[in-house]
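Visitor: Going by this note's numbering, the first residue of the sequence shown is number 2, and it counts up by one from there.
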Amino acid sequence: MMWLREDLLKSIWHAFTALDVDHRGKVSKSQLKVLSYNLCTVMKIPHDPVAFEEHFKDDSKGPLSSDGYMPYLNWFILDKVQEDFDVTEFHRMCWTLCYKKKMHSPHLSISINDAFKVWCIFNFLSEDKYPLVIIIDEIEYFLRKLTEAMGIGLDEEKFAEYKANSKSCLSAWETINLVGMTYFCREVEPQTLSMGINHVFTELIMDVLKQGYMVKKGHKRKNWTERWFVLRPTALSYYESEDVLDLKGEIVLDQSCCVEALNDKDGKKCLFIIKCSDKSFEIRAPDKKKRQEWIQAVHSCIQLRRLGLTSPHHEARRRRREVRQRQQAEEEELAERMKELQAANERKQRELEDMRMKMEEAAAKATREELQRKKTELDMQDRYRLDLEREKLVRLQMEEQMAQKSSELEQYLQRVRELEDMYHLLEEALEDERQAKHDEEAMRKLQSRLLQEEAAKRVELEQLHLQQQRELVQTEVEKKELIAEQQAKDRDLQAAALQLQRLEKERQDALEQYEEMSKKLERAANKTKTWKDKVAKHEGLVRLIQPGQKEPQRMTNWGPASFTDTELEMRKKFWQQSKAQGAQTQ
2 MMWLREDLLK SIWHAFTALD VDHRGKVSKS QLKVLSYNLC TVMKIPHDPV AFEEHFKDDS
62 KGPLSSDGYM PYLNWFILDK VQEDFDVTEF HRMCWTLCYK KKMHSPHLSI SINDAFKVWC
122 IFNFLSEDKY PLVIIIDEIE YFLRKLTEAM GIGLDEEKFA EYKANSKSCL SAWETINLVG
182 MTYFCREVEP QTLSMGINHV FTELIMDVLK QGYMVKKGHK RKNWTERWFV LRPTALSYYE
242 SEDVLDLKGE IVLDQSCCVE ALNDKDGKKC LFIIKCSDKS FEIRAPDKKK RQEWIQAVHS
302 CIQLRRLGLT SPHHEARRRR REVRQRQQAE EEELAERMKE LQAANERKQR ELEDMRMKME
362 EAAAKATREE LQRKKTELDM QDRYRLDLER EKLVRLQMEE QMAQKSSELE QYLQRVRELE
422 DMYHLLEEAL EDERQAKHDE EAMRKLQSRL LQEEAAKRVE LEQLHLQQQR ELVQTEVEKK
482 ELIAEQQAKD RDLQAAALQL QRLEKERQDA LEQYEEMSKK LERAANKTKT WKDKVAKHEG
542 LVRLIQPGQK EPQRMTNWGP ASFTDTELEM RKKFWQQSKA QGAQTQ
């Protein structure tokens with residue numbers, strides 16, 4: 002998007018005046034430093050705070066005027082600006098700084114975003130003089146484009162009435178109020194008004210000369226794709242859709258380009274071609290009328306590039322200003338002639354007046370003395386009246402002073418009473434503080450005594466601890482001895498258990514032998530009894546042969562023992578001897 006230095010300066014001027022809270026035409030250096038940083042950030046310029054401080058080192062006593070800030074703005078910011086920054090973001094940053102402080106009308110039918118666009122349009126159409134104003138002719142130009150974009154006509158009667166009764170120029174905020182109050186188009190919906198403002202903003206500020214959907218032929222696949230085309234003075238851009246977010250390509254328009262219509266081919270109608278130095282672009286318009294409009298618009302851009310001119314709207318604005326300047330020069334020349342004629346007429350009038358004055362001088366001289374006498378009487382009356390009024394005024398002033406003094410005395414007495422009450426409260430507070438210090442001292446002594454007792458107890462506890470440590474050491478030694486003795490006993494017990502197991506096994510063997518012998522003896526007894534019966538029956542023997550008398554058999558918890566008491570006594574002596582030998586070996 003094309004931009005001019007004077008257009009940037011207008012937005013910066015709004016931001017500067019918004020920072021001038023006192024309306025003295027000056028802004029503090031710290032605020033200007035922040036403003037300069039924001040400008041550099043938006044314009045993609047490296048900010049140099051050292052250069053800022055160095056430039057304004059002689060102005061450290063107070064705020065700076067716009068004339069003092071302008072050299073720094075030109076040298077360190079605007080002279081370094083490239084064309085790759087977002088101008089809309091720059092204008093929006095300046096708008097953000099000023100609109101909250103300047104816009105005060107709550108009944109606007111437009112949004113803040115639409116107000117921002119009207120503000121940008123005002124900056125574009127305003128005169129290059131400060132403070133910025135827009136003259137009535139530019140207001141009419143803007144309103145006509147706005148109503149034309151909305152599809153309605155300007156109410157000529159209302160505008161003529163407004164033009165006759167209002168001032169010849171408006172500020173930015175008055176212009177926003179004029180559009181926002183919809184004075185010339187009250188029956189328009191807010192959405193329609195917003196669309197009209199956006200259309201004028203896109204045309205004047207964004208330099209969009211024409212836009213719309215068309216079908217473009219591809220270079221590689223040769224397919225036809227619908228795109229949203231946007232024509233600006235230097236290029237024809239095409240996007241995926243009309244939200245202009247996805248840029249698909251751009252046709253740069255220079256002096257070597259040309260545009261012409263094409264005949265219908267392959268079933269495609271309304272074709273035209275844009276020929277550039279490196280490639281050509283075939284495009285299909287919706288209809289023949291649209292095709293002719295696009296061809297004329299693209300041709301106009303190419304002609305502007307060949308003539309070395311900027312945007313057509315900038316050129317139109319420049320031509321309107323030149324026409325106004327010529328009209329103003331003609332009006333000034335006509336006014337000069339009218340002044341000369343008026344001067345000649347005034348000379349003749351003065352001559353006639355001199356003759357009339359001489360004729361009336363005699364009559365005036367006669368009445369002068371009478372008037373002087375009456376004036377003297379009136380002066381005396383006025384003097385007396387003024388003296389009376391002065392005395393009344395002095396009396397009223399004295400009464401007011403007495404009342405004021407009485408009020409001041411009452412306030413002084415009230416203040417004295419408040420100070421006395423405060424003094425009593427301070428005395429009570431001091432007494433409380435002394436008592437608190439006394440209690441604190443007693444508490445400190447008590448704590449000291451408790452600490453001493455605690456130290457004595459700590460010493461006693463340490464002694465008890467040492468004694469316990471010694472006893473613990475002695476107990477540990479005894480414990481180790483008992484553990485060793487216990488281990489020896491455990492080994493003896495294990496040996497005894499092993500021997501007891503061996504004895505148990507021997508007992509089991511003896512018990513088995515005993516049962517076997519009992520069975521054999523029972524069988525023998527049965528055989529003997531049978532034999533005895535046979536002998537007694539057949540031979541008549543007197544007595545039977547019986548076994549001899551045995552010692553009583555030892556009984557245990559598990560049944561009859563496998564050995565006698567004599568054998569058990571011998572085994573017990575052998576086990577005690579084995580235990581004594583094992584203890585001596587350890």
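Yeah, the Cβ is synthetic: ideal placement off N, Cα and C, and Gly gets one too. Computed from a predicted structure; not experimentally measured.
Can you check which of these residues, T97, H24 and E241, is closest to G1 by C-alpha distance?
Guide: The question about residue 1 has no answer here: the residues shown for the chain are numbered 2 through 587.
Visitor: Can you tell me which of the three DSSP states I206 falls into?
Guide: By 1-based counting over the sequence shown, the position of residue 206 is 205. Here I206 sits in coil by DSSP.
Visitor: Contact between the stretch 205 to 212 and the stretch 224 to 243: three or more CB pairs below 8 Å?
Guide: yes
Visitor: Can you tell me whether DSSP reads C271 as helix, strand or coil?
Guide: Your numbering for residue 271 matches position 270 in the sequence shown. DSSP places C271 in coil when its eight states are reduced to three.
Visitor: Got a sec? Which residues, its chain only, sit under 8 Å from L179 by beta carbon, not counting five neighbours each side?
Guide: Within the sequence shown, the letter at position 178 stands for residue 179. Excluding sequence neighbours, L179 sits near I140 and L171.
Visitor: Mark Y385 as exposed unless 16 or more other C-beta atoms lie within 10 angstroms of its C-beta, in which case mark it buried.
Guide: As a working note, residue 385 is residue 384 in the sequence shown. Classification for Y385: exposed.
Visitor: To the nearest whole angstrom, what separates the beta carbons of F17 and S67, a pair I think is in contact under 8 Å?
Guide: Numbered from its first residue, the sequence shown carries residue 17 at position 16. Numbered from its first residue, the sequence shown carries residue 67 at position 66. About 6 Å separates the two Cβ atoms, so the contact holds.
Visitor: Would E90 and V43 qualify as a contact pair, given that the criterion is a beta-carbon distance under 8 Å?
Guide: One-based indexing of the sequence shown puts residue 90 at position 89. One-based indexing of the sequence shown puts residue 43 at position 42. Against a cut-off of 8 Å, the Cβ pair of V43 and E90 comes out as a contact.
Visitor: Look up Q83 in the DSSP assignment and say whether it is helix, strand or coil.
Guide: Position 82 of the sequence shown holds residue 83. Residue state, collapsed to three classes: coil.
Visitor: Please list the segments of the beta strand (DSSP E) lying wholly inside the stretch 278 to 335, counting only runs of 3 or more residues, in order along the chain.
Guide: Annotation: the stretch 278 to 335 contains the following complete segments of the beta strand (DSSP E) (minimum length 3 residues), in chain order: 281 to 285.
Visitor: Pick helix, strand or coil for R121, following the three-state DSSP scheme.
Guide: In the sequence shown, counting from the first residue as 1, residue 121 sits at position 120. For the record, residue 121 in the displayed sequence is Cys; it is not Arg. Looking at C121 - three-state DSSP - the assignment turns out to be helix.
Visitor: When you compare only the Cα positions, how much space is there between L272 and N224?
Guide: Taking the first residue of the sequence shown as 1, we reach residue 272 at position 271. Taking the first residue of the sequence shown as 1, we reach residue 224 at position 223. Cα to Cα, the separation comes out at about 14 Å.
Visitor: How about A584: is its C-beta nearer than 8 Å to some C-beta of chain C?
Guide: No chain C appears in the structure shown, which is made up of a single protein chain.
Visitor: Below 8 Å CB to CB, which residues in the same chain sit around M151 once its five sequence neighbours on both sides are set aside?
Guide: By one-based count along the sequence shown, residue 151 stands at place 150. Cβ within range, chain order: C186, V189, T193, L194, M196 and G197.
Visitor: Compute the Euclidean distance between the alpha carbons of E149 and R322, then round it to the nearest angstrom.
Guide: Here residue 149 refers to the residue found at position 148 of the sequence shown. Here residue 322 refers to the residue found at position 321 of the sequence shown. Using only the alpha carbons, I get a separation of about 22 Å.
Visitor: If we ignore side chains and look at the alpha-carbon of each, how far apart do E341 and K349 end up?
Guide: Within the sequence shown, the letter at position 340 stands for residue 341. Within the sequence shown, the letter at position 348 stands for residue 349. Distance between the alpha carbons of E341 and K349: 13 Å.
Visitor: Identify the continuous alpha helix (DSSP H) that holds I137 and give its terminal residues.
Guide: Counting from one through the sequence shown, the residue named residue 137 turns up at place 136. Element bounds for I137: I137 to M151.
Visitor: If you draw a straight line from the C-alpha of Y424 to the C-alpha of Q415, how long is it?
Guide: On the sequence shown, residue 424 is found 423 positions in, with the first residue counted as 1. On the sequence shown, residue 415 is found 414 positions in, with the first residue counted as 1. So the two alpha carbons sit approximately 14 Å from each other.
Visitor: Nearest-angstrom Cα distance between R145 and W76?
Guide: Here residue 145 corresponds to residue number 144 of the sequence shown, with the count starting at 1. Here residue 76 corresponds to residue number 75 of the sequence shown, with the count starting at 1. Between R145 and W76, the C-alpha separation is close to 39 Å.
Visitor: Over the uninterrupted beta strand (DSSP E) stretch that includes Q212, give me the two end residues.
Guide: Here residue 212 refers to the residue found at position 211 when the sequence shown is read from its first residue. That run of the beta strand (DSSP E) goes K211 to K218.
Visitor: On the CB-based measure, 16 or more other CB atoms within 10 Å of its CB, does D115 come out buried or exposed?
Guide: Numbered from its first residue, the sequence shown carries residue 115 at position 114. It is buried - the Cβ of D115 has at least 16 other Cβ atoms within 10 Å.
Visitor: Using 8 Å as the cut-off, can you tell me whether the stretch 249 to 267 makes contact with the stretch 292 to 304, which would need three or more C-beta pairs spanning the two stretches below that distance?
Guide: yes
Visitor: Kindly list the residues whose CB is nearer than 6 Å to the CB of R307, restricted to its own chain and excluding five residues on each side of it in sequence; keep chain order.
Guide: Within the sequence shown, the letter at position 306 stands for residue 307. These residues qualify, in order along the chain: Q256.
Visitor: Per the DSSP calculation, I252 is bridged to which residue(s)?
Guide: Looking up residue 252 in the sequence shown gives position 251. Paired residue(s): L237.
Visitor: Is the distance from the Cβ of I13 to the Cβ of C95 below 8 Å?
Guide: Mapped onto the sequence shown, residue 13 falls at position 12. Mapped onto the sequence shown, residue 95 falls at position 94. Closer than 8 Å, so yes.
Visitor: Mind checking Y38: buried by the 16 CB within 10 Å criterion, or exposed?
Guide: The residue labelled residue 38 in the question sits at position 37 within the sequence shown. Counting Cβ neighbours within 10 Å, Y38 comes out exposed, since fewer than 16 surround it.
Visitor: Any idea which residues DSSP pairs S66 with across the strands?
Guide: The sequence position of residue 66 within the sequence shown is 65, counting from 1. Listed as beta-bridge partners of S66 by DSSP are K27.
Visitor: Kindly confirm or deny that the stretch 309 to 319 and the stretch 263 to 279 touch, where touching means at least three C-beta pairs closer than 8 Å.
Guide: no
Visitor: With a Cβ-Cβ cutoff of 8 Å, do K11 and L65 count as a contact?
Guide: Within the sequence shown, the letter at position 10 stands for residue 11. Within the sequence shown, the letter at position 64 stands for residue 65. Cβ distance not < 8 Å, so K11 and L65 don't count as in contact.
Visitor: Do you know offhand how far T1's Cα is from L133's?
Guide: With the chain covering 2 to 587 only, the question about residue 1 has no answer from this structure.
Visitor: On the three-state DSSP scale, how would you describe Q547?
Guide: In the sequence shown, counting from the first residue as 1, residue 547 sits at position 546. Confidence at Q547 is low in this model, with a pLDDT of 47, below 50, so its placement is unreliable and no value can be given for it.
Visitor: Can you tell me the Cα-Cα spacing of E243 and K218, whole angstroms?
Guide: Position 242 of the sequence shown, counted from the start, is the residue given in the question as residue 243. Position 217 of the sequence shown, counted from the start, is the residue given in the question as residue 218. If I take the Cα positions, the gap works out to 19 Å.
Visitor: Given this structure, state the Cα-to-Cα distance separating S169 from D85, to the nearest angstrom.
Guide: Indexing the sequence shown from 1 puts residue 169 at position 168. Indexing the sequence shown from 1 puts residue 85 at position 84. If you take the alpha carbons of S169 and D85, they lie about 38 Å apart.
Visitor: Quick check on the DSSP output: the beta strand (DSSP E) that includes L263 runs from which residue to which?
Guide: Residue mapping note: residue 263 aligns to position 262 of the sequence shown, counting from 1. L263 -> beta strand (DSSP E) spans C259 to L263.
Visitor: Please state the DSSP three-state secondary structure of K58.
Guide: By 1-based counting over the sequence shown, the position of residue 58 is 57. The answer is helix: DSSP assigns K58 an H, G or I state.
Visitor: Could you give the distance in angstroms between the alpha-carbon of S127 and the alpha-carbon of L20?
Guide: The count along the sequence shown starts at 1 and reaches residue 127 at position 126. The count along the sequence shown starts at 1 and reaches residue 20 at position 19. Each residue's alpha carbon lies about 21 Å from the other.
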